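Peer 1:
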Amino acid sequence: MSIKVFKDSGSKGYDLEILDPSATVQDYLDALNNFIDTNMSSPCRGCDECCWERIPLTSVDVFKYIETSSKELKLGSENLLLEFLKKYCYIYVEGRVVDISLGFTLEGACSFLNQTQKICSNYLARSLVCQSFVCLESSERAQDLRSQLVNTGMDELVRLWLMECQRHGQKPFTHEAHRPCFNISDYPLNGFSNKKNYSQILIKDICSGDLWKKIYVGK
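Reminder that position 172 of the sequence shown reads as 172 in the UniProt record's numbering, one-by-one numbering, no gaps.
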């Protein structure tokens with residue numbers, strides 16, 4: 001066990017610790033999912049509250065959607081990443097900041113939500129932010145880790161979007177933009193770069209030095 005997720009005795013929520021410096025983002029997700037299966041008295045099935053919130057995406061999330069569901073999503077162009085971003089995502093720009101999230105219906109639900117059954121129609125490929133959502137309060141360090149993983153992964157997705165648009169001679173497309181002035185130099189390489197799955201990404205390569213000191217305790 002490289003990551004320990006446990007109930008926080010000082011609150012009604014949960015906390016976590018990194019026990020091994022080689023812990024990956026996949027280890028983090030596995031530990032969280034195991035904690036949910038073991039400790040949550042009410043299953044998520046039939047509850048879709050979190051599916052009506054913004055769902056930011058990382059680069060690995062998009063690779064997973066394309067790998068597992070390209071036929072079902074009817075992706076067939078030469079550039080599956082750009083096609084997926086255009087058809088199934090929402091790219092919002094405010095000045096220099098770019099936010100890429102899953103697309104949503106007119107009512108505001110995630111486009112992958114089966115509203116009749118209240119379940120995800122693409123559950124096996126669900127995003128990092130979906131897998132790491134626990135319907136409990138969490139410690140500050142657990143919140144910070146989740147935020148840093150999601151934000152770093154989305155920065156890499158933005159970088160790939162800009163690179164692919166540039167490579168194909170396209171102007172970067174958006175779904176909503178306000179005074180856009182972004183630049184690819186705003187999105188340098190990071191721990192998600194050149195990675196296709198979460199088992200390749202070390203947590204220590206993503207989180208800040210201050211956060212690592214708080215969450216890494218060793219075995």
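We treat Cβ as the ideally placed atom computed from N, Cα and C, and that holds for glycine. Here the structure is a predicted model, which means the values were calculated and not measured.
In the DSSP assignment, what are the bridge partners of Phe6?
Peer 2: Paired residues: Asp15.
Peer 1: Please check the pair Leu81 and Glu140, which I expect to be a contact at CB under 8 Å, by giving their CB distance rounded to whole angstroms.
Peer 2: That belief does not hold up - the Cβ atoms of Leu81 and Glu140 are roughly 34 Å apart, past 8 Å.
Peer 1: In its own chain, which residues sit with a C-beta less than 8 Å from the C-beta of Ser101, not counting the 5 before and 5 after it?
Peer 2: Hits under 8 Å: Arg54, Ile55, Pro56, Leu57, Cys89, Tyr90 and Tyr92.
Peer 1: State the DSSP-derived secondary structure class of Ile100, mapped to helix, strand or coil.
Peer 2: Here Ile100 sits in strand by DSSP.
Peer 1: At the level of alpha carbons, what is the spacing between Lys71 and Cys47?
Peer 2: Taking the straight line from one Cα to the other gives about 28 Å.
Peer 1: With distances taken between CB atoms, is the gap from Val60 to Leu128 smaller than 9 Å?
Peer 2: Going by C-beta atoms, Val60 is nearer than 9 Å to Leu128.
Peer 1: Can you tell me whether Ser138 is buried or exposed, with buried defined as 16 or more other CB within 10 angstroms of its CB?
Peer 2: So Ser138 counts as buried.
Peer 1: Among Gly103, Asp27, Asn33 and Ala31, whose alpha-carbon lies nearest the alpha-carbon of Val62?
Peer 2: The shortest C-alpha separation from Val62 is found at Gly103.
Peer 1: Terminal residues of the continuous alpha helix (DSSP H) containing Tyr28?
Peer 2: That run of the alpha helix (DSSP H) goes Val25 to Asn39.
Peer 1: Between the C-alpha atoms of Lys86 and Val134, what's the straight-line distance to the nearest angstrom?
Peer 2: Roughly 29 Å between the two C-alpha positions.
Peer 1: Starting from the N-terminal side, write out each stretch of the beta strand (DSSP E) that is 3 residues or longer and does not extend beyond the segment 100-159.
Peer 2: As far as the segment 100-159 is concerned, it has no whole beta strand (DSSP E) run of at least 3 residues.
Peer 1: Does Cys51 come out as helix, strand or coil in the three-state DSSP assignment?
Peer 2: Correct three-state label for Cys51: helix.
Peer 1: According to DSSP, what are the bridge partners of Tyr88?
Peer 2: Tyr88 pairs with nothing; no bridge assigned.
Peer 1: Quick one: what does DSSP say Leu202 is sitting in, helix, strand or coil?
Peer 2: It is a strand residue.
Peer 1: Measure from the alpha carbon of His178 to the alpha carbon of each residue in Arg96, Thr68 and His168, then state which is nearest.
Peer 2: Among Arg96, Thr68 and His168, the Cα nearest to that of His178 belongs to Arg96.
Peer 1: Could you say if the segment 192-204 and the segment 16-35 meet the contact criterion of at least three C-beta pairs nearer than 8 Å?
Peer 2: The segment 192-204 is in contact with the segment 16-35.
Peer 1: If you count every other CB in all the chains shown that lies within 10 Å of the CB of Asp210, and 16 or more means buried, which is it?
Peer 2: Asp210 is exposed by the Cβ-count criterion.
Peer 1: For Gly218 versus Leu16, is the C-beta distance shorter than 9 Å?
Peer 2: No; because the gap between Cβ atoms is not below 9 Å, this pair is not in contact.
Peer 1: Which residues mark the beginning and the end of the beta strand (DSSP E) in which Glu176 is found?
Peer 2: Taken as a continuous stretch (DSSP letters only), the beta strand (DSSP E) holding Glu176 covers Glu176 to His178.
Peer 1: Can you have a look at Lys7 and say buried or exposed, based on whether 16 or more other CB atoms are within 10 angstroms of its CB?
Peer 2: Looking at its Cβ environment, which holds fewer than 16 other Cβ atoms inside 10 Å, Lys7 is exposed.
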